[in-house]
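Written out below as structure tokens is the structure these notes cover.
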Amino acid sequence: MSKIIASCKDIIKTFNSGEAEVKALQGITLDVYENELLMLVGPSGCGKTTFVSVLSGLLSFNSGVCKLMGENISAMNDDELTTFRGKNIGFVFQAFNLLPSLSAIENVALPLTVASRKRAEILTLASEMLEAVGLSGKEDVKPSGLSGGEQQKVAIARALVHNPKFIICDEPTSSLDHKSGEIVMELLQKIIKEKGASMIVVTHDNRIYKYADRIVHMEDGKIIKVAS
Amino acid sequence: MFKIAVEMLMHDKTKFLGLLIGVAFTAFLVTFAMGYFAGFMTRGFALVSENSSAKVWVMDPAVSSAEATINMSDSSLDSVRGVAGVEYATPLYLGDVTARYANGHFQSFQTIGVDDATLSGSPQPANLLHIPNSVIIDSGGTEGKLQTPLSKKDVWSYDGSHLQAPTRELRYGDVMLINSKRVVVAGVSHTIPRFPPRPLLYTTTSNFKRLIAGEKRYITFIMVRPVKNITPKELAKRISQKTHLKAITSDDFKKETVMWFMINSEDVGDMVNMVVLAMLVGFGVTGVMLYMFTYENLKQYAVLKAMGASAKQLGDMIFTQVFISAVVGSGIGIGIASLLAQIISSPTFPFRMMWFAPLIGFFGVIIVSMTAAFISLRPIKNMEPAIVFKL
């Protein structure tokens, strides 16, 4: 049995929109294991993104317990959560969310810069990561000069550069064509196996299901099925 | 993080330029408004400025400006001259007269009577005032008020006033009537314009007393110069103690005059209101622009926060961006104001770039910018970093 990296129990999250209360997560319980690539699938509005936001400490929740690497994130304050996230979690977003003013290498280096690592170390690690995702020679190119696939590769490099144990990918292939999507997924799979990290991928794209170790189906804020 | 903040700030050139223009405009507005205000205030103490050799001014104890005055007895001059440390003391007489022009029009003048012997306080060449019944006239910042008929047939005509007759500027040899007494224009001077603007008429003490008869007290000010080994402040104190008159240095007198205008002049009050309003508008624009800049970049800050950037790091970034915008923008604004000051500076335009104008412009912008930065911290602090998942 692999070690549990993330564990959520009875997570409830509601949003108040005026007088209406929206129950986004209705008692989610889920474990994520070491070295696992778990996919979270389901229709729009079923709570996938809300769940990964909660799981990564980006969104507070109403009740339940959520532990990452054994740490209870619901007991952490904002500063502790931010520091924890910076050390342990990598993010890949659907819209890439690269900083348009920074070059590819500067974007990759962001988690290291935020952690105030030494400049020489930052440059070496970021450069190696860019090479690992196949973007050698594009170090000084700004996001506007990169294709969608290349931008997502930069985002992946950025998510992995600080060796996080847990990676969250929100629709990593939805902005890409099929071929680029395949490349990105192969890359993600390869890198997490090499680095021994765990990954949750939120997706609508059934063409990439084949990369998953487990697929969790959600609907109306609940897990309705877990498939291997 | 400093580099990231700077690159974020300058990435969108149009936005950055807009921000700089906004900040520069505010700095320009504040600096220029201060310069304009200072220009008017300088005119308020023009009488003191044009008598720069007088280091100490003596006056009735109730007087607190060069604008609103009451006269002293003639014996006060002897009292002041009797104080040890006085190198010389000369009287200055101020009064208001109404002069009749040759075409029948009339005009009020502030009359300045200067010491017959020394002519101290008169524009140059002062010896013109030795011509009997002569005066030197000055526009005092007004325009078109020193006029006499162009044609001889309209001059002191027997058939009454020729008010509609074409006119020209008064000049040497022209004649006016003051209290039915004939005065001759011996010269036209161009001294420092007055605030409020008014035509000036310089003459000797004896002629002054001829024109303004019936007063018991004539001396308005006594201008004093100290001997070499005593400072103006010391002498002023000594004169006050010995004569019970008010004696202050010329610098203090200028400051008191400015204060008097600030408190008593409705015109200055209106001007201050306009300046303050202009400043507030500029500051408001700057504050809103800086706040909007941060707000528009909220998602980028959310990305940084998701990656572990602390509240302090994000705050430092915002302050860096705002500080750079404020320093560069205010530098440009103050530079333009200084350049414009050089171009438009003339005796007819009340503008004076005092040392404090650019400082107030700069620090005003900095304070407003830092306030905007503080306000901008609020949405950053309150944002849910989960917005990074939104498209």
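Residue numbers (the numbering used here), protein chains in the order written: chain A, 873 to 1100; chain B, 3 to 393.
Note that the Cβ used here is the ideal one computed from N, Cα and C, for glycine as well.
Among the options, nearest to residue i - alpha-carbon criterion
i	options	result
residue 241 of chain B	B:128, B:145, B:80 and B:340	B:80
residue 262 of chain B	B:37, B:5, B:16 and B:44	B:44
residue 148 of chain B	B:308, B:215, B:15 and B:178	B:178
residue 225 of chain B	B:141, B:121 and B:367	B:121
residue 33 of chain B	B:359, B:386, B:373 and B:390	B:359
residue 1065 of chain A	A:1095, A:1085, A:903 and A:1076	A:1085
residue 943 of chain A	A:929, A:883, A:987 and A:933	A:929
residue 306 of chain B	A:982, A:968, A:1050 and A:1059	A:982
residue 389 of chain B	B:351, B:362, B:301 and B:337	B:301
residue 913 of chain A	A:1019, A:1074 and A:900	A:1074
residue 28 of chain B	B:127, B:376 and B:336	B:336
residue 115 of chain B	B:125, B:106 and B:107	B:125
residue 207 of chain B	B:215, B:56 and B:368	B:215
residue 59 of chain B	B:105, B:249 and B:137	B:249
residue 881 of chain A	A:937, A:888 and A:910	A:937
residue 926 of chain A	A:1022, A:1076 and A:902	A:902
The beta strand (DSSP E) enclosing residue i, as first and last residue numbers
i	result
residue 228 of chain B	223-228
residue 10 of chain B	Not the beta strand (DSSP E): residue 10 of chain B falls in the alpha helix (DSSP H), residues 4-13.
residue 1104 of chain A	Nothing about residue 1104 of chain A can be reported from this structure: the residues present for chain A run from 873 to 1100 only.
residue 59 of chain B	58-61
residue 302 of chain B	No beta strand (DSSP E) contains residue 302 of chain B, which is instead part of the alpha helix (DSSP H) from 300-308.
residue 94 of chain B	88-102
residue 1091 of chain A	1086-1091
residue 1042 of chain A	1038-1042
residue 179 of chain B	177-180
residue 1010 of chain A	Where residue 1010 of chain A is concerned, there is no enclosing beta strand (DSSP E), given that its DSSP letter is neither H nor E.
residue 1074 of chain A	1070-1075
residue 183 of chain B	183-191
residue 65 of chain B	From DSSP, residue 65 of chain B is part of no beta strand (DSSP E); its letter is neither H nor E.
residue 1082 of chain A	No beta strand (DSSP E) holds residue 1082 of chain A; DSSP gives it neither H nor E.
residue 875 of chain A	Premise fails: residue 875 of chain A is in no beta strand (DSSP E) and is neither H nor E.
Contact list for residue i against chain B, beta-carbon separation under 8 Å
i	result
residue 1045 of chain A	Near residue 1045 of chain A there are no residues of chain B at all, since even the closest Cβ is about 15 Å away, more than 8 Å.
residue 959 of chain A	310
residue 887 of chain A	Within chain B, no residue comes near residue 887 of chain A; the closest Cβ sits about 11 Å away, beyond 8 Å.
residue 951 of chain A	312 and 313
residue 955 of chain A	310 and 312
N- and C-terminal bounds of the alpha helix (DSSP H) containing residue i
i	result
residue 158 of chain B	From DSSP, residue 158 of chain B is part of no alpha helix (DSSP H); its letter is neither H nor E.
residue 323 of chain B	313-346
residue 1024 of chain A	1020-1032
residue 985 of chain A	982-986
residue 78 of chain B	77-83
residue 996 of chain A	991-1004
residue 380 of chain B	358-384
residue 163 of chain B	Careful: residue 163 of chain B lies outside any alpha helix (DSSP H) and carries neither H nor E.
residue 51 of chain B	48-51
Under 7 Å by beta carbon: chain A residues contacting residue i
i	result
residue 323 of chain B	Correct list: empty, because the minimum Cβ distance to chain A is about 11 Å.
residue 3 of chain B	985
residue 295 of chain B	Neighbours of residue 295 of chain B on chain A: none; closest Cβ ~13 Å, over 7 Å.
Interface residues of chain A facing residue i [CB-CB closer than 8 Å]
i	result
residue 315 of chain B	986
residue 390 of chain B	930, 963, 965 and 969
residue 334 of chain B	Neighbours of residue 334 of chain B on chain A: none; closest Cβ ~22 Å, over 8 Å.
heavy atom of the ligand SAM below 7 Å from residue i C-beta
i	result
residue 248 of chain B	For the ligand SAM, the structure offers nothing, since it holds no ligand at all.
Contacts of residue i in chain A (Cβ-Cβ under 9 Å)
i	result
residue 386 of chain B	925, 930, 931 and 932
residue 302 of chain B	969, 971, 972 and 973
residue 330 of chain B	By Cβ distance, chain A contributes nothing, its closest Cβ being about 17 Å from residue 330 of chain B, past 9 Å.
residue 306 of chain B	971, 982 and 986
residue 320 of chain B	The contacting residues do not exist; residue 320 of chain B stays about 15 Å from chain A at best.
With 8 Å as the limit, tell me which residues of the region 969-985 of chain A have their beta carbon closer than that to any beta carbon of chain B; keep them in chain order.
-> 969, 971, 972, 973, 974, 978, 982, 983 and 985
Quick one, which residues of the region 1034-1067 of chain A are near chain B if we go by CB-CB under 7 Å, in chain order?
-> 1042
Under 9 Å (Cβ pairs) to chain B, residues found in the region 901-935 of chain A | Those would be 921, 922, 924, 925, 926, 928, 929, 930, 931 and 932, in chain order.
Please go through the region 884-967 of chain A and give each complete beta strand (DSSP E) segment of 3 or more residues, from N-terminal end onward.
-> You should have 892-905, 909-913, 935-940 and 961-964.
Going along the chain, which residues of the region 10-40 of chain B sit with their C-beta nearer than 7 Å to a C-beta in chain A?
-> Cβ contacts with chain A: 10 and 13.
Would you list, in chain order, the members of the region 987-1018 of chain A that have their beta-carbon closer than 7 Å to a beta-carbon of chain B?
-> 987
Beta strand (DSSP E) runs wholly inside the region 193-263 of chain B, at least 3 long, in chain order | 202-206, 223-228 and 248-251
Runs of beta strand (DSSP E) wholly within the region 96-150 of chain B (minimum 3 residues, chain order) | 108-116 and 136-140
Chain A contacts from the region 355-384 of chain B (Cβ-Cβ distance under 7 Å) = none
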